[in-house]
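For reference, the structure is listed below as structure tokens.
Number of protein chains: 2
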Amino acid sequence: MEILKNRIIKDGVVIGDRILKVDSFLNHQLDVGLFNEIGKEFKNRFKNKNISKILTVETSGIGIACIVAQYFGNIPVVFAKKHSGINMDTDNYESNVHSFTKETDYVIKVSKKYINDEDNVLIIDDFLASGSAMSGLIDICKQAGTTIQGVGIVIEKSFQGGRELIEKEGIQLESLAIVEDMKNGQVIFKDEKSKII
Amino acid sequence: MEILKNRIIKDGVVIGDRILKVDSFLNHQLDVGLFNEIGKEFKNRFKNKNISKILTVETSGIGIACIVAQYFGNIPVVFAKKHSGINMDTDNYESNVHSFTKETDYVIKVSKKYINDEDNVLIIDDFLASGSAMSGLIDICKQAGTTIQGVGIVIEKSFQGGRELIEKEGIQLESLAIVEDMKNGQVIFKDEKSKII
């Protein structure tokens with residue numbers, strides 16, 4: 012998706028060889044116009060799928076998922092919770108996730124009321140790296156008997172192994188920008204020359 | 012906003028005299044169609060204001076803020092972070108917040124890059140209760156020299172004091188459903204008869 016890759020080149024910041032900061036448009040300040048372009052693109056890539064619900068995980072996936080849902084007929088969005096308050100249901104599907112960026116383990120939870128064996132979900136997230144959060148979401152779908160129609164990722168860092176986890180499940184994975192490598196402050200997209208950012 | 016009040020009556024769950032659970036459409040499963048109606052209503056209520064940015068706080072405000080932003084010309088959304096990872100900037104505005112639902116204190120942070128004295132913000136959140144999260148957002152705007160053009164709340168629980176905190180600042184506050192009291196499983200909206208839910 013050219014508009015996205017150009018935005019990463021323009022506004023992304025590479026830190027070391029693993030961190031790509033895109034907090035000016037994707038996960039702290041949010042560019043809702045760009046999110047709409049992302050929604051159109053996911054609709055195009057999953058146009059042959061029957062999708063009844065979007066599943067994501069807090070925090071950065073939520074805004075993207077809500078905009079994307081509009082391109083699938085305003086279907087419901089459900090987000091897995093990392094931080095449950097006293098209002099949270101106690102009857103949940105749960106899965107353990109390791110966060111490499113926060114260097115902690117945590118549990119994600121989805122109320123059993125909001126995901127079930129009649130749902131056909133599209134899982135949406137901002138990043139795919141090691142795939143640990145995604146494995147947790149897939150695990151929750153399996154527990155609920157939910158059909159996963161696809162996984163839509165805004166930025167994939169393909170050198171961290173997440174793609175293999177999803178493809179071995181036989182799930183259609185669509186990433187709108189695939190970063191193959193990062194070094195010396197440069198992003199190298201898949202099948203393209205390196206881009207200085 | 013009648014469509015919202017009717018939805019609260021239909022799908023909300025009152026627990027005790029302080030908790031109104033609306034996780035089936037507002038803060039766990041998200042009704043994006045309803046969020047669009049909310050966006051139209053906020054645009055109508057703040058139509059005379061020059062608003063350049065929407066400010067909210069993770070988690071539940073984010074999806075609503077993104078949809079609302081579309082009705083203000085796809086202006087940027089910035090959300091204050093409660094849980095900052097290693098990717099978070101270190102140069103932030105910060106404010107302390109007490110959460111009554113999670114019974115903890117926490118710090119909210121906004122990078123100094125994404126809020127400044129040229130911004131005219133509309134603050135959006137799902138709930139207004141004691142106003143502690145809102146006070147933190149207002150505090151951050153003051154630190155940044157940002158003009159607050161208004162506060163837009165989906166559900167206000169008016170018996171917990173948050174309105175006074177905002178009105179004493181001279182800020183326009185618009186709440187789309189104002190709950191005056193909750194008891195015996197009932198919600199009593201402002202200026203209306205009690206509704207059984």
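In order, the protein sequences belong to chains A and B.
Letter by letter, the first sequence follows residues 12 to 208 in this note's numbering.
Letter by letter, the second sequence follows residues 12 to 208 in this note's numbering.
For every residue, glycine included, the Cβ atom is placed at its ideal position computed from N, Cα and C.
Integer-rounded CB distance, given that residue j should sit under 8 Å from residue i
| i | j | result |
| --- | --- | --- |
| Val68 (chain A) | Leu148 (chain A) | 6 Å |
| Ile86 (chain A) | Ser106 (chain A) | Actually they are not in contact, since the Cβ atoms of Ile86 (chain A) and Ser106 (chain A) sit about 23 Å apart, beyond 8 Å. |
| Tyr104 (chain A) | Ala144 (chain A) | Contact doesn't hold; Cβ gap of about 15 Å is too wide. |
| Val88 (chain A) | Ile134 (chain A) | Contact flag wrong, Cβ pair sits at about 11 Å. |
| Ala188 (chain A) | Ile19 (chain A) | 6 Å |
| Ile119 (chain A) | Ala91 (chain A) | 4 Å |
| Val198 (chain A) | Ile151 (chain A) | In fact, because the Cβ distance is near 31 Å, the residues do not count as touching under 8 Å. |
| Gln183 (chain B) | Asn61 (chain B) | Incorrect: roughly 13 Å between the Cβ atoms, too far for contact. |
| Ile126 (chain A) | Thr158 (chain A) | Not a contact, Cβ separation roughly 11 Å. |
Burial state of residue i (16 or more Cβ within 10 Å)
| i | result |
| --- | --- |
| Thr101 (chain A) | exposed |
| Asn59 (chain B) | exposed |
| Glu178 (chain B) | exposed |
| Lys16 (chain A) | buried |
| Arg29 (chain B) | exposed |
| Asp137 (chain A) | buried |
| Gly172 (chain A) | exposed |
| Ile14 (chain A) | exposed |
| Asp34 (chain B) | buried |
| Asp130 (chain B) | buried |
| Gly181 (chain B) | exposed |
| Gly196 (chain B) | exposed |
| Asn38 (chain B) | buried |
| Gly72 (chain A) | buried |
| Glu114 (chain B) | exposed |
| Ile207 (chain A) | Legend: pLDDT at Ile207 (chain A) = 49, less than 50; position of this residue unreliable, no value from coordinates given. |
| Gly84 (chain A) | exposed |
| Glu167 (chain B) | buried |
| Glu175 (chain B) | exposed |
Contact set for residue i: own chain, Cβ-Cβ below 7 Å, skip 5 residues either direction
| i | result |
| --- | --- |
| Gly50 (chain B) | Ile78, Val79, Gln81 and Tyr82 |
| Ser141 (chain B) | Phe111, Gln171, Gly172 and Gly173 |
| Ser95 (chain B) | Lys120 |
| Glu52 (chain A) | Met12 and Leu187 |
| Ser205 (chain A) | For Ser205 (chain A), the predicted structure reports a pLDDT of 48, less than 50, and the residue's modelled location is therefore unreliable. A value from the coordinates is still provided. Closer than 7 Å at the Cβ level, and outside the excluded window around Ser205 (chain A), lie Gln197 and Ile199. |
| Lys194 (chain A) | Asp28 |
| Lys54 (chain A) | Tyr82 and Phe83 |
Within chain A, partners of residue i - CB distance below 7 Å
| i | result |
| --- | --- |
| Ile78 (chain B) | Cys77 |
| Gly74 (chain B) | Ile73, Gly74, Cys77 and Val88 |
| Phe46 (chain B) | Cys77 |
| Asn195 (chain B) | Neighbours of Asn195 (chain B) on chain A: none; closest Cβ ~19 Å, over 7 Å. |
Own chain, CB closer than 6 Å to residue i, minus 5 neighbours either side, in chain order
| i | result |
| --- | --- |
| Tyr117 (chain A) | Lys93 and Val108 |
| Asp128 (chain B) | Gly156 |
| Glu48 (chain A) | Ile14 |
| Arg209 (chain A) | As displayed, chain A neither begins before 12 nor continues past 208, which places residue 209 (chain A) out of reach and without an answer. |
| Gly24 (chain A) | A small correction: the amino acid at residue 24 (chain A) is Val; Gly does not occupy that position in the sequence shown. Closer than 6 Å at the Cβ level, and outside the excluded window around Val24 (chain A), lie Lys32. |
| Ala76 (chain A) | Ile65, Thr67, Val88 and Ile135 |
Residues near residue i by beta carbon distance below 8 Å, same chain, minus five either side
| i | result |
| --- | --- |
| Gly74 (chain B) | Leu41, Val43 and Phe46 |
| Lys201 (chain A) | Ser169, Ile189, Val190 and Glu191 |
| Ser6 (chain B) | Nothing in the structure corresponds to residue 6 (chain B), since chain B is present only between 12 and 208. |
| Phe36 (chain B) | Arg18, Asp22, Asp42 and Leu45 |
| Ser146 (chain A) | Ser106, Val108 and Leu176 |
| Met99 (chain B) | Lys92, Lys120 and Ser122 |
8 Å Cβ cut-off: residues of chain B touching residue i
| i | result |
| --- | --- |
| Tyr104 (chain A) | None at all; the shortest Cβ gap to chain B is about 12 Å. |
| Asn107 (chain A) | Correct list: empty, because the minimum Cβ distance to chain B is about 17 Å. |
| Asn55 (chain A) | Correct list: empty, because the minimum Cβ distance to chain B is about 19 Å. |
Within chain B, partners of residue i - CB distance below 9 Å
| i | result |
| --- | --- |
| Lys92 (chain A) | His39 and Thr70 |
| Lys124 (chain A) | Asp34, Ser35, His39 and Gln40 |
| Asn61 (chain A) | Ordered by position in chain B, no residue passes the 9 Å Cβ test against Asn61 (chain A), which lies about 18 Å from the chain. |
| Asn17 (chain A) | Under the 9 Å cutoff, chain B gives no residues; its nearest Cβ is about 18 Å from Asn17 (chain A). |
Listed by chain order, chain B residues near residue i by CB distance under 7 Å
| i | result |
| --- | --- |
| Gln81 (chain A) | Val43 |
| Asn131 (chain A) | Neighbours of Asn131 (chain A) on chain B: none; closest Cβ ~15 Å, over 7 Å. |
Chain A contact residues for residue i, given Cβ-Cβ distances below 8 Å
| i | result |
| --- | --- |
| Asn127 (chain B) | Residues of chain A passing the Cβ test: none, with the nearest at roughly 12 Å. |
Below-8 Å beta-carbon distance, residue i vs any chain D residue
| i | result |
| --- | --- |
| Ile182 (chain B) | In summary, chain D is missing from the structure at hand, where the protein chains are A and B. |
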